[in-house]
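Position 273 of the sequence shown, counted from 1, bears residue number 421 in my numbering, the numbering being contiguous throughout. All C-beta atoms, glycine included, are put in the ideal place defined by N, C-alpha and C. Note that the coordinates shown come from a computational prediction; the quantities given were computed from them, not determined experimentally. Presented below is the structure to which this report refers.
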Amino acid sequence: MLTPEELVHYQRHVSLPEIGVEGQEKLKQGSVLVIGAGGLGCPALHYLVAAGVGRITVVDFDVVEASNLQRQTLFGYGDVDRPKAEAATERLQDLNPHVEIVPKVERFGVDNALSLLEGQDLVVDGSDNFVTRYLVNDACVMAGKPLVHGAIFKFEGQVSVFNLDEGPTYRCLFPECPNPKDVPNCAEIGVFGALPGIIGSLQAVEVIKILTGIGDPLSGKLLLFNALSMHAQLVTYSSQPGSRPIEVLEEIQFACETEEEELDQEEGESDEEAPLPKAPPLVSPAELQEFQETGANLQIIDVREQWEKDICSIDGAEWVPLGDLRRAYALPPEVDAQARTVVYCKVGARGEEARQLLREKFGFAHVSNLEGGILAWIEQVDSSLHTY
């Protein structure tokens, strides 16, 4: 039963004949798991809480960063360095004290996936990587839970509903997980700030439709949206007969890392060709500064995006974006494969991929990655540079 206070709060919903008191009570009885309190999770959570979904569990292991605030509108500067799940819960509870919000400051993984799904009516995937998306899908299939999917890329987004009434799943649309190295993330390429607000809100719409039993959910349909052209397209798809049943989550834990694992194994095997000379995989900011001061034959390569380079850069660095290293078969003439080389990115992850590409694809004899990236350089060596 709705309380008098709830009837006031949800008056605009209750006034809709399609929802009414009965539909609002269904929302109150609903239990939803939201994975990720980031760009997609923030708007989805905002509208699900405002709509009166009775119990919402928020799973996110990350903390708020200043660079999140351009699109993750549940947070402010006072939340920086706070766990997203906790900061979001505090904000949302103030928005609607009539619902229960459960923060889980943990990563959604193989070990906890099925337990987190227990007692949930459906799942909202607000994750930002393929490893998690495939894991969420497979866990939902095993647990028999509908999954509301959303994803964004620069100016484009997509929404769909998977595993509703044993309908098509994420793997029916995208059978195999791509190698993460081949897919840039929003830290590398950026994201249009208002776009996740649109896509996350559409995810909330699908949840409300499913819980109340109104409308036509996006099961077997993929909604594609382009913010630049304002063009929306609906693509239909169906279940794939003969697909291998999902029975064990461990089978997909490292599904997206297979190529990388095979590469690592190959590096350890004997080969007729002599291996490339190995340099220390990491150099600290202090070591790089020492290299600069001693006048060694040093080459520094910045593998970040143009907009990042425009904010700050290390003096004397050549600029070769990671995307160019992935695609190119030759490097600019000013880049010397025989020089002592240090690559850097923002925090180190892209730099490590660049280091491996330079060694294995371009034959660099002595290449290392700057530990902690340019943010560590700014913190430990040159605080005059702007951070981001």
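A straight line joining the alpha-carbon of E173 with that of L150 spans about 7 Å. In the same chain as N517, and ignoring 5 residues on each side of it, the C-beta atoms closer than 8 Å to its own belong to P429, L430, V431, V490, V491, Y492, G496, G499, E500, A502 and R503, in chain order. Comparing alpha carbon positions, the residue from V180, N216 and D463 closest to I522 is D463. The three-state reading of DSSP puts Y492 in strand, counting E and B together. A direct Cα-Cα distance of roughly 48 Å separates A233 from N445. One Cα belongs to L533, the other to H514, and the distance between them is close to 27 Å. C-alpha of T221 to C-alpha of P191: approximately 8 Å in a straight line. Residue pairing by DSSP places E248 opposite R203 in a beta bridge.
Put simply, of G471, K494 and Q447 the residue whose alpha carbon is nearest the alpha carbon of P481 is Q447. If you check the CB distance, H246 and G200 come in under 8 Å. Taking all protein chains in view, the Cβ of L193 is crowded by 16 or more other Cβ atoms within 10 Å, so the residue is classified as buried.
The residues G305 and A380, in chain order, have a CB closer than 6 Å to that of F373 in the same chain once the five nearest residues on each side in sequence are set aside. Here the alpha carbons of A524 and K509 stand approximately 27 Å from one another. In the structure shown, the three-state DSSP call for A380 is strand. Apart from the 5 residues on each side of it in sequence, L382 sits with its Cβ closer than 7 Å to the Cβ of K369 and L371 in its chain, given in chain order. Taking the Cα of V468 as reference, the smallest distance to any Cα among Q440, L506 and Q437 is reached at L506.
With three or more CB-CB distances shorter than 8 Å, the segment 163-181 counts as touching the segment 342-360. For F301, DSSP records a beta bridge to E304. Under the DSSP assignment, L473 falls in the alpha helix (DSSP H) whose first and last residues are L470 to R475. With distances taken between CA atoms, Y195 lies nearest to L350 out of V289, Q388 and L350. Between the alpha carbons of G226 and G189 lies a distance of about 19 Å. Within the DSSP bridge table, the entry for L181 names T205 and V271 as partners. Cα atoms of V212 and D229: separation of roughly 5 Å, rounded to the nearest angstrom. Taking a C-beta distance under 8 Å as the contact criterion, V253 and P231 qualify as a contact pair. Taking 8 Å as the upper bound for CB-CB distance, V272 and V182 are in contact here, some 5 Å apart.
By the neighbour-count criterion, in which a residue is buried when 16 or more other Cβ atoms sit within 10 angstroms of its Cβ, L262 is exposed. Judged by their CB atoms, D208 and G184 are nearer to each other than the 8 Å cut-off. Taking C-beta separations shorter than 6 Å and ignoring five residues to either side along the sequence, the partners of G341 in its chain run Q218 and R219, following chain order. Between T205 and T317, the alpha-carbon positions lie close to 22 Å from each other.
Nearest to F278 by C-alpha distance, out of R488, T535 and H297, is H297.
The three-state secondary structure of I462, taken from DSSP, is coil. Minimum Cα-Cα distance from K494 among the listed residues M378, C460, E153 and S275 corresponds to C460. E354 is positioned such that its CB atom lies closer than 8 Å to that of V309. Within the same chain, and ignoring the five residues on either side of F439 in sequence, the residues whose Cβ sits closer than 6 Å to its Cβ are L446. For V211, the three-state secondary structure derived from DSSP is strand.
Within the same chain, Cβ atoms closer than 8 Å to the Cβ of W455 are found at G338, the five residues on either side in sequence being excluded.
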